[in-house]
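*Asks:* Would you mind keeping the following structure in view while I ask a few things?
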Amino acid sequence: MGYGIGKMEIEIRSVKEILLEMKETSEFALSLAYASLMYNDEELANEVFSLEYELDSLTHELFKVAIMSGASRREAEALAGLLDIGRAVDEVSDAMADLARLVVKRFPIHPSISWMLYRADEVIGLVRVEEGSSLISMSGEMVRDPVNLAGCEVLALKRGGKWIYNIPEELEIERGDILLVEGPMESLETLRALASGSEREDYVPRAPLEEMSDEVR
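When you number the sequence shown by the working numbering, it's gap-free, plus one each residue, and the end is 518.
Structure follows, in structure tokens:
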């Protein structure tokens, strides 16, 4: 849909498209904000700031759609609810940026905070792919399917010191890759066993504070 203003036409996306993108972006930003705290990782924290900017742009786009809709009085009430959603998302994104800012400004993070995040129903973990792992040579398309990662969702991949957030379909997993994933604890431990090349019954889980090491650096 487009609106003409003189010789200029502004393309307008549907409210549903904008809200869906806001939902997905905010969920990803929240996971990265928690991960940046757990692993004290400035690169992850800086990505949260980028996502905050994206959410601000989406909120602005949502407001623009509401203003240009030319709504009736009844429709205006529904649009008022959309504006409330936009403001709420903006507040949440600001809070996530505040979490990331603790990492960037090098404020000391008490170990109990990381422990609390680790004990949640859905945890965020780092998985290093070792020699002999069945994950090696798996395509990016396969990695993005939680079924292939023991029920975990991959958020990002680190290779050569750089994080890759939108994993290309043609990328293949290599030994030494580090996966940032989210899922139930049992699924995370199963995935770690697969990544280590060990059988599940032979795998010895690491303590949470062990995981918060220099592995991510």
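Note that the Cβ used here is the ideal one computed from N, Cα and C, for glycine as well.
With DSSP collapsed to three states, give me the class of R402.
*Replies:* helix
*Asks:* Could you pull the start and end residues of the beta strand (DSSP E) that V316 belongs to?
*Replies:* First-last for V316: V316 to Y340, but that is the alpha helix (DSSP H), not the beta strand (DSSP E).
*Asks:* Alpha carbon to alpha carbon, what distance is there between V393 and L380?
*Replies:* 20 Å
*Asks:* Do the stretch 332-340 and the stretch 357-367 meet, that is, are 3 or more Cβ pairs less than 8 Å apart?
*Replies:* no
*Asks:* K459 and D478 - do their beta-carbons sit closer together than 8 Å?
*Replies:* yes
*Asks:* Span of the beta strand (DSSP E) holding A457?
*Replies:* E454 to R460
*Asks:* Among E353, Y354, L384 and S351, which has the Cα closest to the Cα of V366?
*Replies:* Closest option to V366, Cα to Cα, is L384.
*Asks:* Taking G441 as part of the alpha helix (DSSP H), name the residues at either end of that continuous run.
*Replies:* G441 to V444
*Asks:* Measuring only between beta-carbons, confirm whether L458 sits less than 8 Å from chain B.
*Replies:* This model lacks chain B altogether, as it is built from one protein chain only.
*Asks:* Would you report the Cα separation of A508 and S488, rounded to the nearest angstrom?
*Replies:* Unreliable placement is indicated for A508, whose pLDDT of 42 sits below 50; the coordinate value is still reported in the next sentence. Cα to Cα, the separation comes out at about 16 Å.
*Asks:* How is R407 classed by DSSP in three states: helix, strand or coil?
*Replies:* coil
*Asks:* Use the C-beta contact count for G433: other C-beta atoms within 10 angstroms, 16 or more gives buried, fewer gives exposed.
*Replies:* exposed
*Asks:* Assign I474 to buried or exposed, taking buried as 16 or more other Cβ atoms, counted over all protein chains shown, within 10 Å of its Cβ.
*Replies:* buried
*Asks:* If we ignore side chains and look at the alpha-carbon of each, how far apart do E378 and E322 end up?
*Replies:* 23 Å
*Asks:* Is it true that the CB of A389 sits closer than 8 Å to the CB of A334?
*Replies:* Cβ atoms of A334 and A389: not closer than 8 Å.
*Asks:* So I479 is in the beta strand (DSSP E); what residue range does that whole segment cover?
*Replies:* I479 to G484
*Asks:* Please report the straight-line C-alpha distance between G484 and I425, rounded to a whole angstrom.
*Replies:* It is roughly 7 Å from the alpha-carbon of G484 to the alpha-carbon of I425.
*Asks:* Measuring only the C-alpha atoms, how far is M309 from E471?
*Replies:* Note on M309: pLDDT 36, under 50, position unreliable in the model; no value is reported.
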